[in-house]
Structures are given as structure tokens and as C-alpha cells.
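**Q** Residue numbers (my numbering), protein chains in the order written: chain V, 234 to 549; chain X, 6 to 256. The structure follows.
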Amino acid sequence: MKLIYLFIITVLLAVCSLFVGVENVSFSALWNMDEEAWNIVMISRLPRMLSIIMAGTSLSICGLIMQQLTQNKFVSPTTAGTMDWARLGILVSLLFFTDASPIWKMCIAAAFALFGTLLFMGILQRLKQKDTIFIPLVGIMLGNVVSSIATFFALKFDLVQNMSSWLQGDFSLIMEGRYELLYISVPLLIIAFLFANMFTVAGMGEDFATNLGLPYKYVVNVGLIIVAIITAVVILTVGVIPFLGLIVPNIVSIYRGDNLKNSIWHTAVLGAAFLLVCDIAGRLIIYPYEISVGLMVGVIGTGIFLYMLLRRNAYA
Amino acid sequence: MIVAEKLSKYFGSKKVIQDVSIEVKRGAITSFIGPNGAGKSTLLSMVSRLLKQDDGIVYLDGKDVHKQKSKDLAKTIAILRQSNVVQMRLTVRELVSFGRFPYSSGRLTDEDEQKVSEAIAYVNLEEMEDNYLNELSGGQKQRAFIAMVLAQDTDYILLDEPLNNLDMKHAVQMMKLLRKLVEDFGKTILLVIHDINFASVYSDRIVAMKDGKIVAEGPTEDIIQSDVLKSIYDLDIDVHNISCNRICVYF
Numbered sequence: 234m235k236l237i238y239l240f241i242i243t244v245l246l247a248v249c250s251l252f253v254g255v256e257n258v259s260f261s262a263l264w265n266m267d268e269e270a271w272n273i274v275m276i277s278r279l280p281r282m283l284s285i286i287m288a289g290t291s292l293s294i295c296g297l298i299m300q301q302l303t304q305n306k307f308v309s310p311t312t313a314g315t316m317d318w319a320r321l322g323i324l325v326s327l328l329f330f331t332d333a334s335p336i337w338k339m340c341i342a343a344a345f346a347l348f349g350t351l352l353f354m355g356i357l358q359r360l361k362q363k364d365t366i367f368i369p370l371v372g373i374m375l376g377n378v379v380s381s382i383a384t385f386f387a388l389k390f391d392l393v394q395n396m397s398s399w400l401q402g403d404f405s406l407i408m409e410g411r412y413e414l415l416y417i418s419v420p421l422l423i424i425a426f427l428f429a430n431m432f433t434v435a436g437m438g439e440d441f442a443t444n445l446g447l448p449y450k451y452v453v454n455v456g457l458i459i460v461a462i463i464t465a466v467v468i469l470t471v472g473v474i475p476f477l478g479l480i481v482p483n484i485v486s487i488y489r490g491d492n493l494k495n496s497i498w499h500t501a502v503l504g505a506a507f508l509l510v511c512d513i514a515g516r517l518i519i520y521p522y523e524i525s526v527g528l529m530v531g532v533i534g535t536g537i538f539l540y541m542l543l544r545r546n547a548y549a
Numbered sequence: 006m007i008v009a010e011k012l013s014k015y016f017g018s019k020k021v022i023q024d025v026s027i028e029v030k031r032g033a034i035t036s037f038i039g040p041n042g043a044g045k046s047t048l049l050s051m052v053s054r055l056l057k058q059d060d061g062i063v064y065l066d067g068k069d070v071h072k073q074k075s076k077d078l079a080k081t082i083a084i085l086r087q088s089n090v091v092q093m094r095l096t097v098r099e100l101v102s103f104g105r106f107p108y109s110s111g112r113l114t115d116e117d118e119q120k121v122s123e124a125i126a127y128v129n130l131e132e133m134e135d136n137y138l139n140e141l142s143g144g145q146k147q148r149a150f151i152a153m154v155l156a157q158d159t160d161y162i163l164l165d166e167p168l169n170n171l172d173m174k175h176a177v178q179m180m181k182l183l184r185k186l187v188e189d190f191g192k193t194i195l196l197v198i199h200d201i202n203f204a205s206v207y208s209d210r211i212v213a214m215k216d217g218k219i220v221a222e223g224p225t226e227d228i229i230q231s232d233v234l235k236s237i238y239d240l241d242i243d244v245h246n247i248s249c250n251r252i253c254v255y256f
């Protein structure tokens with residue numbers, strides 16, 4: 234599939250996203266400068282669309298970076314436990330830094346996410362068995378342990394309600410003033426694009442990269458910091474969106490290969506398109522109510538993930 | 006010239022390399038032979054800065070290897086390790102292009118593309134260049150990795166068991182290719198090799214290692230001798246002269 238087609242589809246989906254919702258907004262109303270219609274678009278629909286695009290793009294790139302650096306197709310912010318650590322970080326910031334601004338909460342969550350991901354990488358190096366399926370299982374188990382610790386403290390301090398809002402990704406509460414933190418992902422994505430070539434070489438392993446004069450540890454750390462911050466930001470604004478970072482890079486890998494130079498743009502655009510589809514579908518299926526995007530991605534994602542697992546020998 | 010002085014390396018409390026000193030001459034093939042676990046690969050890794058030695062110093066053209074910029078070294082010395090398991094979907098050409106990374110950081114110039122094409126042609130993989138690595142046979146994959154090292158265009162080339170996975174025909178082709186690199190371009194090649202007949206026929210010098218030490222070293226004809234080989238391998242080995250080559254019989 235050509236990038237330009239993918240891009241056009243994404244733009245069309247983004248436009249659709251603007252006009253789907255309980256409150257009817259039509260082209261003609263916007264054309265006639267209807268004030269109410271414009272208000273809805275500017276306060277609710279546009280922020281929602283922008284945050285879907287940013288979250289979809291950045292989570293997919295996160296997955297791509299993690300898969301490249303761990304040389305494992307099944308590692309992503311979900312399966313490495315990064316998301317669970319970020320949630321624990323948010324809980325800690327709620328408990329101990331109640332008055333902290335969102336930026337500080339994001340920093341604490343990112344620090345936890347980074348620690349968790351480094352821990353996962355450390356365990357990876359120590360593992361004798363480098364089986365492709367075994368590694369993400371370790372990550373999922375680690376994530377579940379962290380998640381249950383978080384739930385325990387949330388129960389103790391009556392924060393379960395707060396916690397569950399980050400459990401399931403949801404764009405319905407996104408509006409002007411509540412999503413701007415996501416813009417932090419834009420400069421991080423630019424850095425990821427600049428590092429694309431280096432991530433590819435680093436993905437070949439430490440010896441291989443060192444032989445080519447690449448500062449391996451530095452590149453890996455840059456990658457993991459990008460992943461940690463983006464994950465924290467997305468969870469804090471939207472919530473957990475499972476599987477996105479897993480499926481999108483894998484789909485792109487099938488038709489574009491694993492040279493990041495060839496696949497990073499496709500991954501970015503397809504990530505946005507995939508999340509837009511899930512969100513629009515979630516809004517239409519039980520209209521006028523809506524299914525949260527986390528659930529939609531989870532359901533569709535599990536299906537695709539299973540399919541990938543079953544035929545992994547064909548391409549992975 | 007590569008000079009190693011009193012290199013030692015411990016893995017835990019086990020000494021895998023003990024006080025090894027060695028000089029490797031330029032413009033020649035030097036083969037490292039010896040039983041498994043003798044420390045040959047470890048020595049090559051230290052010489053190429055992939056592994057930091059616990060004691061001693063490695064000089065490359067007179068300069069301490071660990072005090073040079075990694076990126077500059079990558080233009081002087083290239084190493085290919087034993088196991089190259091690739092999980093990623095990369096084409097042959099993409100892999101070979103990595104060899105140009107030290108020069109252009111992934112944004113290939115016309116000159117880089119030229120060198121990549123030459124390297125692929127050198128190992129006869131032109132027809133496969135757009136195939137993914139996981140579609141290749143073990144031997145083709147091995148040749149693709151060799152091509153990458155060639156594209157890196159370094160004076161020194163270190164290969165850890167380059168004949169792994171190669172059938173007889175391709176093994177011979179590989180050794181002839183290495184010979185040609187020495188004769189045509191004056192490259193310096195260090196090999197870890199298990200087949201002593203390949204070592205005997207194609208190398209200029211041989212270094213024999215055992216238990217982390219160098220037990221014999223010298224021109225090929227001095228090392229490929231029954232008594233010397235007996236001390237290395239603990240095996241009775243007959244050496245015959247067949248059409249000007251010294252061939253070992255040990256079956």
C-alpha cells in the first residue's frame with residue numbers, strides 16, 4: 234500500500250471523526266458560520282480528533298521502537314508492563330503529590346514507566362531462554378504484579394474510581410483544556426524519526442552495533458525514554474490503549490520489512506488510522522452511547538494478535 | 006599492525022585468556038586454531054573492542070583501541086561474530102548497507118550505493134539482493150553478512166568461523182575471496198577457523214591457542230606439523246604434502 238493512499242484514508246477518517254456524535258454537526262452549518270456548530274467542533278470534536286491522531290501515532294511508534302530494540306515482535310508498551318508501571322506512577326503522584334500540576338504527574342509516571350521498562354530489559358538480558366513468546370509473557374506477568382500492587386493501594390486509599398479511569402482508554406472526556414499534554418509527544422516523535430536509522434542498527438544487537446561504531450547504550454536509552462514519556466502522557470490524558478503498539482508495527486512489518494527507514498512513516502500513519510476507525514466504530518455501534526476506545530482496540534486487537542501468533546512462523 | 010600486550014580476561018573467577026601477547030602482520034591472513042573453549046573468539050572480541058579486557062592493552066596501528074572513537078574504529082576494523090540470528094525482516098541489500106553506517110549514518114550517498122553493490126557482487130548475491138534474509142539458506146545468509154563487512158571497507162577484517170553453514174563449494178569460494186582481498190587490496194584478515202586444512206591451505210600465519218594461552222605461532226608450514234598439532238589437539242595427525250599443500254589427516 235502506498236503511503237499517500239494511507240495518508241488520504243487517514244485524513245478522510247479524521248474528517249469523519251469530526252462529524253460523528255450525538256450533537257449533529259453538518260457541513261452546511263459550519264459553512265454558514267453557525268456559532269454553536271463551531272463551538273462543538275472547537276471545544277470537543279477537534280480536540281478529540283487531534284488526540285486520537287497523536288495517541289495512535291505515538292503509541293504505534295513506541296511499539297515499533299520497543300520491538301526493534303528488543304528484537305522481539307511481541308514486545309510493546311502493553312506486553313512489557315510499561316503501561317502498568319506508568320499507572321502505578323500516576324497512583325503514587327496522586328497519593329503523595331496531590332497538588333502537583335499535570336506536567337509533574339506526567340514526569341512521575343514517565344519515571345516509573347522508564348524504571349519498569351529498564352527492569353524488563355534487564356530481565357531480558359538475564360533470561361537464558363530467548364523464546365519469542367516467552368519474553369512477552371514475562372513482561373505481562375511483571376505488568377500484572379505491578380498492576381495488582383497499584384490496585385491494592387488504590388483500594389486502601391479509595392482511589393479505585395480514579396484508577397479505573399486510566400484502565401480503559403476513552404476519548405469521550407477529551408475536550409479543550411484536557412488533552413494539551415499530548416502535544417509533548419510531537420517533539421518526541423520527531424526525535425524518534427531522526428533516530429530511526431540508529432534504532433534499526435541497534436536492533437541488530439550490541440556487538441553488531443558496536444562494530445559499526447554506533448553508541449549502543451545511548452541509542453537504546455534514548456529509545457526507552459521516548460517510549461516511557463509517551464506512554465505516561467497517553468495514559469494520563471486518554472487512558473490505557475492496549476495492543477495498539479503491538480498490532481500496528483507488526484502489520485507494517487509484513488509489507489514494509491523491518492528497516493525503520495522504510496516502515497516508520499507507515500507505522501505512524503496506520504496507527505492514527507487504526508485508532509480513528511476504532512473510535513468511530515465505538516461511537517456508532519451503540520449510538521447514541523459509546524463504547525470506550527480501549528475496549529474497541531482490545532477486542533479488535535486481541536483478534537489480530539491471535540492471528541499473528543498462529544501464523545508467526547510465516548513471517549516473524 | 007595489531008599488537009596485543011599481556012591480555013587477560015576473566016569470566017567470573019575463570020580465566021579465559023591468560024597473559025596473551027601477539028603481533029598480527031598487515032596484509033596477510035592469520036588463522037586462529039585450537040580446541041573449543043581455547044579463548045579464540047574472546048581474543049578476537051577484545052582486539053575489536055567489543056569486549057573490554059581485564060588486563061593488558063591492544064594497539065591498532067600504534068594506538069590503544071579503547072581510547073579511540075568507536076565511529077573511527079568502525080572504518081578501520083570490522084568483526085563478524087559467530088551467531089548472526091536475525092529476527093528482523095531485512096533485505097540483503099539493507100543488511101549490506103549497514104556496512105556503510107560508519108561513513109554516512111544511514112543516509113547513503115551514491116558512492117555508498119556503489120560500494121554496497123560491489124560488495125554484493127563480490128559474494129555473488131546480486132540476484133538475491135531484494136530477498137528478505139529469512140528467505141535465504143544458511144550459506145547465503147552467511148555470505149550476506151560477509152558482504153556487509155566488505156562494504157564496511159576496513160583495513161582489518163576479523164571473522165569468527167566464517168565457514169559456518171557453508172557447503173564445500175561455498176567454503177572454498179569464501180576462502181578464495183578472502184585470499185583475493187589480501188592480494189588485491191592488502192587487507193589484513195584474522196580468522197577463527199576449525200577446519201585445519203582450510204587454515205593450512207589459505208592462511209599465511211597460524212596462531213594456535215589452548216586453555217586461554219597461545220601454544221604455537223608462526224608461518225603456516227611451521228605449525229602444520231604432526232608434533233605441533235599433537236600438542237594442540239591431543240590427537241595423532243598425519244601431515245601429507247598434496248599438490249604443494251600441507252593436508253592433515255586425522256580421521
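C-beta atoms are modelled at their ideal positions from N, C-alpha and C, and glycine is treated no differently.
#1: So, are the CB atoms of residue 167 (chain X) and residue 445 (chain V) less than 8 Å apart?
#2: What does residue 253 (chain X) pair with, by DSSP beta-bridge criteria?
#3: Determine the direct distance from the alpha carbon of residue 431 (chain V) to that of residue 93 (chain X), and round the result to whole angstroms.
#4: Please list, in chain order, all residues of the same chain as residue 515 (chain V) whose beta carbon is under 8 Å from its beta carbon, the five residues on each side excluded.
#5: Distance check for residue 482 (chain V) and residue 140 (chain X), CA to CA, integer angstroms please.
#6: Name the DSSP bridge partner or partners of residue 165 (chain X)?
#7: Using 8 Å as the threshold, is the segment 317-331 of chain V in touch with the segment 502-516 of chain V, meaning 3 or more CB pairs across them?
#8: By the criterion of Cβ-Cβ separation under 7 Å, what are the contact partners of residue 486 (chain V) in chain X?
#9: If the cut is a Cβ gap below 8 Å, which residues of chain X does residue 443 (chain V) touch?
#10: Is residue 5 (chain X) helix, strand or coil by DSSP?
#11: Which residue wins for smallest C-alpha separation from residue 137 (chain X), given the options X:97, X:75, X:110, X:131?
#12: On the DSSP bridge assignment, give the partners of residue 501 (chain V) in chain order.
#13: Got a sec? Which residues, its chain only, sit under 8 Å from residue 251 (chain V) by beta carbon, not counting five neighbours each side?
#14: Let's test the definition: count the other Cβ atoms within 10 Å of the Cβ of residue 549 (chain V) and tell me whether it reaches 16, buried, or not, exposed.
#15: Run through the segment 9-33 of chain X for me and flag every whole beta strand (DSSP E) of 3 or more residues, listed as ranges in chain order.
#16: Report yes or no: is there a C-beta of chain X within less than 8 Å of the C-beta of residue 434 (chain V)?
#17: Based on the DSSP secondary-structure assignment, which residues constitute the bridge partners of residue 223 (chain X)?
#18: How far does the alpha helix (DSSP H) with residue 434 (chain V) in it reach, from first residue to last?
#19: I need the boundaries of the alpha helix (DSSP H) containing residue 376 (chain V), first residue and last residue.
#20: Give every residue of the same chain whose Cβ lies closer than 7 Å to the Cβ of residue 171 (chain X), excluding the five residues on either side of it in the sequence, and list them in chain order.
#21: Is there a Cβ from chain V that is less than 8 Å from the Cβ of residue 16 (chain X)?
#22: Here's the rule: buried if 16 or more other CB atoms are within 10 angstroms of the residue's CB, otherwise exposed. What is residue 132 (chain X)?
**A** By the coordinates alone:
#1: no
#2: X:244
#3: 15 Å
#4: 523, 524, 525, 526, 528, 529
#5: 21 Å
#6: X:197
#7: no
#8: 94
#9: 54, 55, 75
#10: Here chain X has residues from 6 to 256 only, and residue 5 (chain X) is not among them.
#11: X:97
#12: None; residue 501 (chain V) has no bridge partner.
#13: 258, 274, 278, 279, 282
#14: With a pLDDT of 46 at residue 549 (chain V), under the threshold of 50, the modelled position of this residue cannot be trusted; read the value that follows with caution. Burial call: buried.
#15: 19-29
#16: yes
#17: X:211
#18: 429-435
#19: 367-389
#20: 144, 147, 179
#21: no
#22: exposed
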